[in-house]
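As C-alpha cells, the structure follows; a few thoughts come after it.
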Amino acid sequence: MAPGDCLGPRSIGSSSRTWLLWACYGSCSAGRLRSYARSKSWLKRCLPPVRSASSFSVVVSIQTGPLYCPNVFTSAGSGSGTSTALTYNEIAERHWTRGSMKPARTSQELVGAVMGSELSTLKVGGPCGSFARARNASELDSVVKSDARALGRKPTVIGFGSNLLISDDGCRELLLQFKDDEANASIDPRSGLVKAPASMPWDRLVAQTVDAGLQGIECVSGVPGTVAGAVVQNAGAYGQELRQVLREVVVYDTGQFSFDVLKARNCRFGYRTSAFKSEKFSRRVVVEATFQLRPLAVSQIRYDDVARQLLMRHGIGPYPLAAIRQAVLDTRSSKGMLLGEDRNPSAGSFFVNPECSGLELYRHTRVNPRLREIPRTKVGYRTYRLSAAALIEASGFRRGFRSGSAGLSDQHALAIVNLGGACADDIVKLAKEIRSAVRSEFGLTLKPEVVTLGFGRKADPFKRS
Ligand SMILES: Cc1cc2nc3c(=O)[nH]c(=O)nc-3n(C[C@H](O)[C@H](O)[C@H](O)COP(=O)(O)OP(=O)(O)OC[C@H]3O[C@@H](n4cnc5c(N)ncnc54)[C@H](O)[C@@H]3O)c2cc1C
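The opening residue of the sequence shown carries number 120 in this note's numbering; numbering runs sequentially from there.
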C-alpha cells in the first residue's frame, strides 16, 4: 500500500475504535504519531521506535487492538516511499521483544493492509485495512479468535476472489482469505466419497477426482476459486452443479468459535447461490466439503460445444473423464472463461441468467417480440432461464465493447473485463449501463453474480439502479 492510498479523514472519529482505524489507514508524520500516542497510552506501547522528526515516517496498521502486535509498514523513504508488508514474525522480531507483546502465533501469515485489487481477479478495489490469511481450519480458528475478537467484528471470509467486486474505498471489515494452493483432497475411489479442505483450489479438486476415475464434477473443470467459493456460489457449468454431488459441509462459526456439520439439504442451494450468502449464515465459514461422486459412471454431455469437440476428437462416446475435462477446458478457453496472464482480468460472468415465469415471458415478448430470439432453457415448472449474454448483445453491447478502461470480453458478452487501470467505479458504471439497456429493451432486470464488498448496504451499486 502506498502512503497516499489511505482512507484518510473519513475514518476519524472520537471513539477509540474509530481512532484506532484511523491509525490503521492514515499515513502521518512521526511527530503527529507521537502526540497521538501520548493521549493513548496503549498506542504508545504499540508504537515501534519512530526516529524521523518530520514528514511521513511509518504507516502503522494496528490490526488487533491494544493487546496485540500491530503490523508495521516501513516506508522506503520519506513521504512517497512504497511500503513493505512484513509478516507477523518479522514484525515481532524487529519491533516487539517486550513482555506481553511477544507474538502468540507462528503459523499463519498476517498481512496488515492490502489493496483489494490484489485480492480479486477483476483487479480492482481500494485499501483493505485489516487483512489476514489462513490455510486450514486451525489457522482460521486462531485468526478469528485473536484478530476478529480484538476488532470486535466478524470477519468476511474470501477465497480466490474470482467472484468479487471490491469497492475503490476498500473494505473496513477484517478480510480473511481462506486459501491453500497446496491442499489435497482425501478420495476413496471405491465408494466415490471425497473430502476436500475448503481452502483447496476447486480445479485441483476436479483434476484429482478425474484422475481417480470419479464422475460428477468433470464438467465444472476450469472454474477458478476455492472449494469454499464453489460451495457458497453453488458453482456450475455445462450441465453440472456442485449441489448435485455435495453431501455435507463442515462450517466454523465465527461467533461461537465452534465447528459444525451441515447436510447439503440445509444449505438452501439455488442457481449460483446458497444459504451462506444470507445474513443468517454470514457467521459460518465453510472449512471442508464432502462430495459423493460416482465410480465407473458415464457422463451425460448436454452442451453442444463440448459434445461437438468430443465427437470430433473421440468419435461416438462414452468418453473417458479426462477427455471430457479437456474438452470443457478447451471450450472455456475459446469463450474467455479461463483465467490467464494473457487475458484481461475478469470475474467470469458478471450477471446471472435471468429467470422468469411463462406468463412474464409472454408479457415481455408482447412488448418486444425480439425476446423470442433469446435462447432459453426450461428450469422448472413454467420457469425459464434466459441467456444474459444474448440479452446484453441484443441490447447493443457487443463482445469487445469498450467504455474507458472497462469493457466486455472479446469472447463473451457476459464477462466484464478490466482493460487495464480500471477502478471499481468504471466496472460499476458499465454494469449499470448494461443493466438499464437490457431493462429498457426487454423489461428484464439483470442481477449481478459477483459479490460486492466494501460498498456498504445503502451504497450497494446494484440495489438501487
Ligand atoms: C474466468 C472466470 C470464469 C468463471 N466461470 C464460472 C463458471 O463457469 N461457473 C461458476 O459457477 N462460476 C464461475 N466463475 C465465478 C467464480 O469462479 C466462482 O463463483 C467461484 O466458485 C468463486 O470462488 P472463490 O474462491 O474465488 O470465491 P470468492 O470470489 O473469494 O468469494 C465468493 C463468495 O464466497 C464467500 N466465501 C469464500 N470463501 C468462503 C468460506 N470459506 N466460507 C464462507 N464464505 C466464503 C465470499 O465471502 C463471497 O461471498 C468464474 C470466474 C472467472 C474469473
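Beta carbons: idealized from backbone N, C-alpha and C, even for Gly.
(message) In whole angstroms, give me the CA-to-CA distance for VAL417 and LEU365.
(response) Along the sequence shown, read from residue 1 onward, the residue named residue 417 stands at position 298. Along the sequence shown, read from residue 1 onward, the residue named residue 365 stands at position 246. So the two alpha carbons sit approximately 19 Å from each other.
(message) For a quick check, are the C-beta atoms of ARG403 and VAL370 less than 9 Å apart?
(response) For this step, residue 403 is matched to residue 284 along the sequence shown. For this step, residue 370 is matched to residue 251 along the sequence shown. The answer is yes: Cβ separation under 9 Å.
(request) From the DSSP output, in three-state form, read off VAL364 for me. (result) Counting from 1 along the sequence shown, the entry for residue 364 is found at position 245. Reduced to three states, the DSSP call for VAL364 is coil.
(message) Could you compute how far the alpha carbon of ASN463 sits from the alpha carbon of ILE306?
(response) Stepping through the sequence shown from its first residue, residue 463 is reached at position 344. Stepping through the sequence shown from its first residue, residue 306 is reached at position 187. Looking at the two C-alpha atoms, the distance is approximately 35 Å.
(request) Would you please state the rounded distance, in angstroms, between the beta carbons of GLY289 and GLY573? I believe it to be under 8 Å. (result) Reading the sequence shown from its first residue, position 170 is the one you call residue 289. Reading the sequence shown from its first residue, position 454 is the one you call residue 573. Right, the Cβ-Cβ distance comes to about 6 Å (below 8 Å), so this counts as a contact.
(message) Checking 9 Å against the spacing of the C-beta atoms, do ARG254 and LYS314 come in under that value?
(response) Numbered from 1 along the sequence shown, position 135 holds the residue referred to as residue 254. Numbered from 1 along the sequence shown, position 195 holds the residue referred to as residue 314. Cβ atoms of ARG254 and LYS314: not closer than 9 Å.
(message) Distance check for PRO580 and ILE493, CA to CA, integer angstroms please.
(response) As a position in the sequence shown, residue 493 is number 374, starting the count at 1. As a position in the sequence shown, residue 580 is number 461, starting the count at 1. Taking the straight line from one Cα to the other gives about 27 Å.
(request) Please check the pair LEU505 and PRO473, which I expect to be a contact at CB under 8 Å, by giving their CB distance rounded to whole angstroms. (result) Here residue 505 corresponds to residue number 386 of the sequence shown, with the count starting at 1. Here residue 473 corresponds to residue number 354 of the sequence shown, with the count starting at 1. Yes, they are in contact, since the Cβ atoms of LEU505 and PRO473 sit about 5 Å apart, within 8 Å.
(request) Run through the segment 327-399 for me and flag every whole alpha helix (DSSP H) of 4 or more residues, listed as ranges in chain order. (result) 346-352
(request) Express the C-alpha separation of ILE553 and LEU565 in angstroms, rounding to a whole number. (result) Reading the sequence shown from its first residue, position 446 is the one you call residue 565. Reading the sequence shown from its first residue, position 434 is the one you call residue 553. For LEU565 and ILE553, the distance between alpha carbons rounds to 9 Å.
(message) In the DSSP assignment, the alpha helix (DSSP H) including GLN428 goes from what residue to what residue?
(response) Numbered from its first residue, the sequence shown carries residue 428 at position 309. Where GLN428 is concerned, the enclosing alpha helix (DSSP H) stretches over 423-433.
(request) Verify the contact flag: MET456, CB atom, against every heavy atom of ligand 1, threshold strictly below 8 Å. (result) On the sequence shown, residue 456 is found 337 positions in, with the first residue counted as 1. Yes, ligand 1 has a heavy atom inside 8 Å of this Cβ.
(request) Would you give the residue range spanned by the alpha helix (DSSP H) that ALA256 belongs to? (result) The residue labelled residue 256 in the question sits at position 137 within the sequence shown. That run of the alpha helix (DSSP H) goes 256-262.
(message) Whole angstroms are fine: how far does the CA of PHE469 sit from the CA of CYS475?
(response) Counted from its first residue, the sequence shown places residue 475 at position 356. Counted from its first residue, the sequence shown places residue 469 at position 350. The alpha-carbon atoms of CYS475 and PHE469 are separated by roughly 19 Å.
(message) Tell me the rounded alpha-carbon separation between VAL262 and GLY358.
(response) Here the question's residue 262 lines up with position 143 in the sequence shown. Here the question's residue 358 lines up with position 239 in the sequence shown. Computed Cα separation, rounded: 38 Å.
(message) Determine whether the beta carbon atoms of ILE435 and CYS338 lie at a separation below 9 Å.
(response) Numbered from its first residue, the sequence shown carries residue 435 at position 316. Numbered from its first residue, the sequence shown carries residue 338 at position 219. No; because the gap between Cβ atoms is not below 9 Å, this pair is not in contact.
(message) Let me check understanding here. Comparing Cα to Cα, which of MET319, VAL557, GLN530 lies closest to VAL346?
(response) Within the sequence shown, the letter at position 227 stands for residue 346. Out of MET319, VAL557, GLN530, MET319 has the C-alpha closest to the C-alpha of VAL346.
(request) Within the same chain, show all residues whose beta-carbon is closer than 7 Å to that of LEU381, passing over the 5 residues directly before and after it, in chain order. (result) Here residue 381 refers to the residue found at position 262 when the sequence shown is read from its first residue. Only GLU367, VAL368, VAL370 meet the Cβ criterion.
(message) Here's a check: name, in chain order, each residue in its chain whose Cβ is nearer than 6 Å to the Cβ of GLY575, leaving out the five neighbours to either side.
(response) Here residue 575 is taken as the residue at index 456 of the sequence shown, counted from 1. If we look at GLY575 and ignore the five residues flanking it on each side, it has no Cβ neighbours.
(request) Kindly examine ligand 1 and report whether one of its heavy atoms sits closer than 8 Å to the Cβ of SER236. (result) The residue you call residue 236 lines up with position 117 of the sequence shown. No, Cβ of SER236 sits at least 8 Å from all heavy atoms of ligand 1.
(message) Taking the beta carbon of PRO488 as the centre, do at least 16 other beta carbons fall within 10 Å, making it buried, or is it exposed?
(response) Reading the sequence shown from its first residue, position 369 is the one you call residue 488. Exposed, by the Cβ-count rule.
(message) Using the three-state DSSP reduction, which class does GLN296 fall into: helix, strand or coil?
(response) As a first step, residue 296 must be located in the sequence shown, where it is residue number 177. Note: GLN296 maps to strand in three-state DSSP.
(request) Would you mind sorting ARG252 into buried or exposed? The rule is 16 or more other CB atoms within 10 Å of its CB. (result) Here residue 252 refers to the residue found at position 133 when the sequence shown is read from its first residue. Buried, because 16 or more other Cβ atoms sit within 10 Å of the Cβ of ARG252.
(request) For the beta strand (DSSP E) holding THR275, just list the boundary residues, first then last. (result) Mapped onto the sequence shown, residue 275 falls at position 156. First-last of the beta strand (DSSP E) with THR275: 275-277.
(message) Relative to the C-alpha of GLY335, which candidate in PRO567, GLN411, LEU284 has its C-alpha closest?
(response) Numbered from 1 along the sequence shown, position 216 holds the residue referred to as residue 335. The candidate whose alpha carbon is nearest that of GLY335 is GLN411.
(request) Alpha carbon to alpha carbon, how far is GLY539 from ALA508? Give it in angstroms, no decimals. (result) Sequence index remark: in the sequence shown, residue 508 carries index 389 (1-based). Sequence index remark: in the sequence shown, residue 539 carries index 420 (1-based). Those two C-alpha atoms are separated by around 23 Å.
(request) Quick one: using the 10 Å Cβ neighbour count with 16 as the cut-off for buried, is ASP330 buried or exposed? (result) Numbered from 1 along the sequence shown, position 211 holds the residue referred to as residue 330. Burial call: exposed.
(message) Less than 7 Å between C-beta atoms, sequence neighbours within five positions excluded: which residues of the same chain meet that for THR502?
(response) For the purposes of this step, residue 502 is taken as residue 383 along the sequence shown, with counting starting at 1. So the qualifying residues of the chain are GLU474, SER476.
(request) Mind the definition here: the segment 509-524 touches the segment 541-559 only if three or more C-beta pairs lie below 8 Å; say whether that holds. (result) yes
(request) Leaving out five residues on either side along the sequence, give the residues of the same chain with a beta carbon under 7 Å from the beta carbon of PRO414. (result) The residue you call residue 414 lines up with position 295 of the sequence shown. These residues qualify, in order along the chain: PRO308, ARG309, GLY311, GLY332, LEU333.
(message) For the beta strand (DSSP E) containing GLY499, name the first residue and the last one.
(response) Translated into positions along the sequence shown, residue 499 becomes position 380. Note, GLY499: beta strand (DSSP E), 495-499.
(message) For LYS273 and ALA256, what's the separation of their Cα atoms in angstroms?
(response) Numbered from its first residue, the sequence shown carries residue 273 at position 154. Numbered from its first residue, the sequence shown carries residue 256 at position 137. If you take the alpha carbons of LYS273 and ALA256, they lie about 16 Å apart.
(message) By DSSP's criteria, TYR503 is part of a beta bridge. Which residues make up the other side?
(response) On the sequence shown, residue 503 is found 384 positions in, with the first residue counted as 1. CYS475, LYS497, per the DSSP bridge assignment.
(message) Can you find the residues in the same chain that come closer than 8 Å, C-beta to C-beta, to ASP322, ignoring five residues on each side of it along the sequence?
(response) On the sequence shown, residue 322 is found 203 positions in, with the first residue counted as 1. So the qualifying residues of the chain are SER340, GLY341, VAL342, PRO343.
(request) Rounded to whole angstroms, what's the CA-CA distance from LEU457 to ASP423? Just pull it up for me. (result) To locate residue 457, count along the sequence shown from 1; it is residue 338. To locate residue 423, count along the sequence shown from 1; it is residue 304. Computed Cα separation, rounded: 19 Å.
(request) Give the single residue among SER401, GLU460, GLN530, GLY467 whose Cα lies nearest to the Cα of LYS454. (result) As a first step, residue 454 must be located in the sequence shown, where it is residue number 335. LYS454 has its Cα closest to that of GLN530, out of SER401, GLU460, GLN530, GLY467.
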